[in-house]
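In my numbering, the protein residues as written are 439 to 978.
Virtual Cβ for every residue (Gly too), placed ideally from N, Cα, C.
Here the structure is a predicted model, which is why all the values come from computation and not from measurement.
Written out below as structure tokens is the structure these notes cover.
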């Protein structure tokens, strides 16, 4: 009879006794190797097969190895997700450059090319763009982010084509439709950025605010550089396709005729008259319309239409699809009612109310530089071909100024940057008030354009960072309100621009700056005191 099974049953009791003895030795400070039974407790000869049981140190090391492997997997997943987030942000920023470069360039040129219709179309565009922010969430929810941007890209393409085949009725109509699409496009961009950043900050468990600030800065820097790139492309086109026909249509190239042309053009500044000169009576004497050759406008259409198509393709193909989640309203109210309620709550905020005059002023000064400075100063004195080159200086200064303000804000307090912007803006308004444009003072035009771009970058960067720090959790609606106030100021300025002379507009700008800087200074000092209090609390 085989006794192997009996020996195996006896071994269980012996192992139990051995384990109790080893535990008592551990209590006395002695550590020995213990053994446990394996799946096959006995070998063929009936002898017990034992294997060492891992000690507590071995078990803890194994658990640490498992935790380390899990952490490595989480780190790899976080790195991959961060790369995707960076890629999406860069694609969206680059697409914004391609989509908006052509529009900003034509915005600078059309007040000189189309004396009356240009300003009227811009007024219609920006007023309805301000209204479009009300229903923008509905469009983004129904069409989704990529569909919204692609649809507005088609409207921008039609706008570029209408520039070549100019007709007053069609130009006004496409401006109206494009204005209705501006709000949804901005809402779609900010919604995508918000969702992209929130997904990244959730996984990496890093401070959400810092991640948002970094990505918003990158998007703002890259997208706002469209001012520079668009005008640079226009400068190259005008430089290599021949000079623009900015001479009077019935004039010769004699010096006397040129002087007469510039003198009539300067009367828009109201230096000699109380009101702007009637354009119809002026046309009886001499034609002052700056015109662009057909082949040059055709090149504009080819280049900027290709850019718009490339930007739309980047959004549709290259941009990752991210599901956007919307908060369910417990009362099940329509989305437009929720949007209006959000805007109302934002405007009720006492800090936001202190910012509203500054936001409207930003829109007014942008309308002045794009509509009046290009027409009554650059185009009159230097010609239409100099508009693009001068505004390239504006775009470059705006981009560098935005980067500089963010760098200086790490070492200087916000009130100091605000004071620098106030001094810069006041100095430029004083120069425009005292200076009479002259062809020989070409350098002054570039200095004014560059300084204006720097001031605009200061105001926009300060207000953007304020909006984000005030609403760190959900800043999509506040940013739409931010653009809504700017567009309202731009639309109203373009609307009244044909009926006011440049001298009066400079006075209005100075008055709005004085009105806006007082509440905004109060806001900046409040933010400064709050920052000091937070620093003291962290030290404690």
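Cα-Cα separation, residue 948 to residue 853: 20 Å
Exposure of residue 871, with buried meaning 16 or more beta-carbon neighbours within 10 Å: exposed
Residue from 785, 672 and 551 whose Cα sits closest to the Cα of residue 605: 551
Proximity winner among 656, 613, 569 and 754, relative to residue 622 (alpha-carbon distances): 569
Beta-carbon gap between residue 839 and residue 896 smaller than 8 Å: yes
Distance, residue 945 Cα to residue 584 Cα: 43 Å
Length-filtered (4 minimum) alpha helix (DSSP H) runs lying within the segment 745–828: 773–786 and 788–805
Span separating the alpha-carbon of residue 753 from that of residue 628: 14 Å
Contact check, residue 528 vs residue 562, beta carbons under 8 Å: no
C-beta contact flag for residue 798 and residue 572 at 8 Å: no
Same chain, Cβ closer than 7 Å to residue 884, neighbours up to 5 away in sequence not counted: 828 and 831
Length of the line joining the Cα atoms of residue 669 and residue 833: 8 Å
Neighbourhood of residue 692 by C-beta distance below 6 Å, restricted to the same chain and skipping five residues each side: Summary for residue 692: the model assigns pLDDT 34, below 50, so the residue's position carries little reliability; its value from the coordinates is reported in the next sentence. Within the same chain, residue 692 has no close Cβ partners at all.
Residue range of the unbroken alpha helix (DSSP H) whose run includes residue 924: 914–934
Selected residue, minimal CA-CA separation from residue 783, among 941, 915, 601 and 810: 915
Cutoff 6 Å; reference residue 790; Cβ partners in own chain excluding five residues on either side: 784
Among 879, 905, 735 and 867, the one whose alpha carbon lies nearest that of residue 889: 867
Residue 923 and residue 842 closer than 8 Å at C-beta: no
Helix, strand or coil at residue 849 [DSSP, three-state]: coil
Between the CA atoms of residue 882 and residue 653 - distance to the nearest angstrom: 36 Å
Extent of the continuous alpha helix (DSSP H) to which residue 666 belongs: 664–678
Residue 893, enclosing alpha helix (DSSP H) - first and last residue: 880–908
Distance between residue 962 and residue 744 (C-alpha atoms, nearest Å): 43 Å
Buried/exposed call for residue 823, threshold 16 Cβ in 10 Å: buried
Residue 520, DSSP secondary structure in three states: helix
Neighbour-count burial assignment, residue 624, 16 or more Cβ in a 10 Å radius: buried
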